[in-house]
Ligand code: NAD
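Numbering (this note's numbering), first residue to last: 7 to 265.
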């Protein structure tokens, strides 16, 4: 299927590794002019080189922290009028809720809620004016099925979910869609961190925690980031203009609910 977005521009944040990188790759493969942002210039440049080599499309890079105003401004200077925004963030650390301080909460809200909102605020008016926009916020399946160890970031993500749900209805008539993509367990570096927390909490090794997690999933495996990237690219397609305001779980069937 031709997604009809060749020549469009996209800003993908937190994209040197994992799910953000997979989204950038899938968009570049469709001929989208992609700019990626993450903190470490060396990793970011390697990623851009790899994507360009495999797709034939050059990828712009901005080394910066998505939680910082000035760094977001630089990203938007490098990609001033994106048609597509993939608002991804690093995610808050797992932990014990009784140990989370006010500072931890404020950092989680800043990183997981405020950063995507600020990116949307800066890019949405241009999309509306051009009558084309696709915004995908990467949140988590845990927004629908809370897990206390990971509640720090996901509580803030629930706030983002509510905000973009309301906003999406205001801009749908301008052919601007806003959706949240909710990953379940995908095989990325981030999963190593959450598995280590599970292993510690359950008094088992990380490999055992990994095997149990895969076995507990209906698909009996972790997701491949490429599967996530392709889903994201479809949501950014010309054909997906009637899909908006949704929270789309991609988790091998792990979330048991029907809604
Ligand atoms: P990852 O650790 O593999 O990659 C995270 C990327 O974000 C890296 O490129 C890193 O450099 C970048 N990054 C981190 N903090 C940043 C910051 N402050 N500014 C700019 N870039 C930053 O993680 P992932 O698995 O790809 O996860 C992506 C998002 O999806 C996270 O928010 C995570 O919480 C969420 N998520 C992941 C899973 C999963 O199973 N992988 C499940 C649910 C939710």
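Glycine included, every Cβ here is placed at the ideal spot set by N, Cα and C.
*Look at the alpha carbon of residue 130 and the alpha carbon of residue 170, and state the distance between them as a whole number of angstroms.*
About 12 Å.
*Would you call residue 133 buried or exposed, if buried means 16 or more other Cβ atoms sit within 10 Å of its Cβ?*
buried
*Looking only at C-alpha atoms, which of 96, 86, 116, 110 sits nearest to residue 17?*
Here the closest residue by C-alpha is 86.
*Where does residue 55 land, buried or exposed, given buried means 16+ other C-beta within 10 angstroms?*
exposed
*Range covered by the beta strand (DSSP E) that runs through residue 66*: 65-69
*Any heavy atom of ligand 2 closer than 8 Å to the Cβ of residue 7?*
The ligand content of the structure shown is limited to ligand 1, which means ligand 2 is not among them.
*Hey, quick one: how far does the beta strand (DSSP E) through residue 39 stretch, first residue to last?*
39-44
*Straight-line CA distance for residue 120 to residue 81?*
16 Å
*Give me the Cβ distance between residue 140 and residue 183, rounded to the nearest whole Å; I'm assuming they're in contact under 8 Å.*
6 Å
*How should residue 236 be labelled, buried or exposed, when 16 other C-beta atoms within 10 angstroms of its C-beta is the threshold for buried?*
buried
*Express the C-alpha separation of residue 22 and residue 1 in angstroms, rounding to a whole number.*
Because residue 1 is not part of the residues shown, which for the chain are 7 to 265, the question remains open.
*Using a Cβ-Cβ cut-off of 6 Å (strictly less than) and excluding sequence neighbours within five positions of residue 61, which residues of its own chain qualify?*
34, 35, listed in sequence order.
_Limits of the unbroken beta strand (DSSP E) element including residue 139_ = 139-144 is the span of the beta strand (DSSP E), which, as asked, contains residue 139.
*Would you kindly work out how many angstroms separate the C-alpha atoms of residue 90 and residue 209, rounded to a whole number?*
43 Å
*Of the residues 254, 247, 243, the one placed nearest residue 7, counting alpha carbons only*: 243
*Count the CB pairs spanning the segment 245-259 and the segment 213-225 that are closer than 8 Å, and state whether there are at least three.*
yes
*Mind pulling the alpha helix (DSSP H) runs of 4 or more residues that sit fully within the segment 155-235?*
157-177, 195-208, 212-222
*Drop a sphere of 10 angstroms on the beta-carbon of residue 189, count the other beta-carbons inside from all chains shown, and report buried for 16 or more, exposed for fewer.*
buried
_Residue nearest to residue 230 in terms of C-alpha spacing, selected from 207, 96, 70, 193_ = 193
*Could you give the C-beta distance for residue 266 and residue 159, rounded to a whole number, given that I count them as a contact under 8 Å?*
The structure shown has nothing for residue 266, since the chain only spans 7 to 265.
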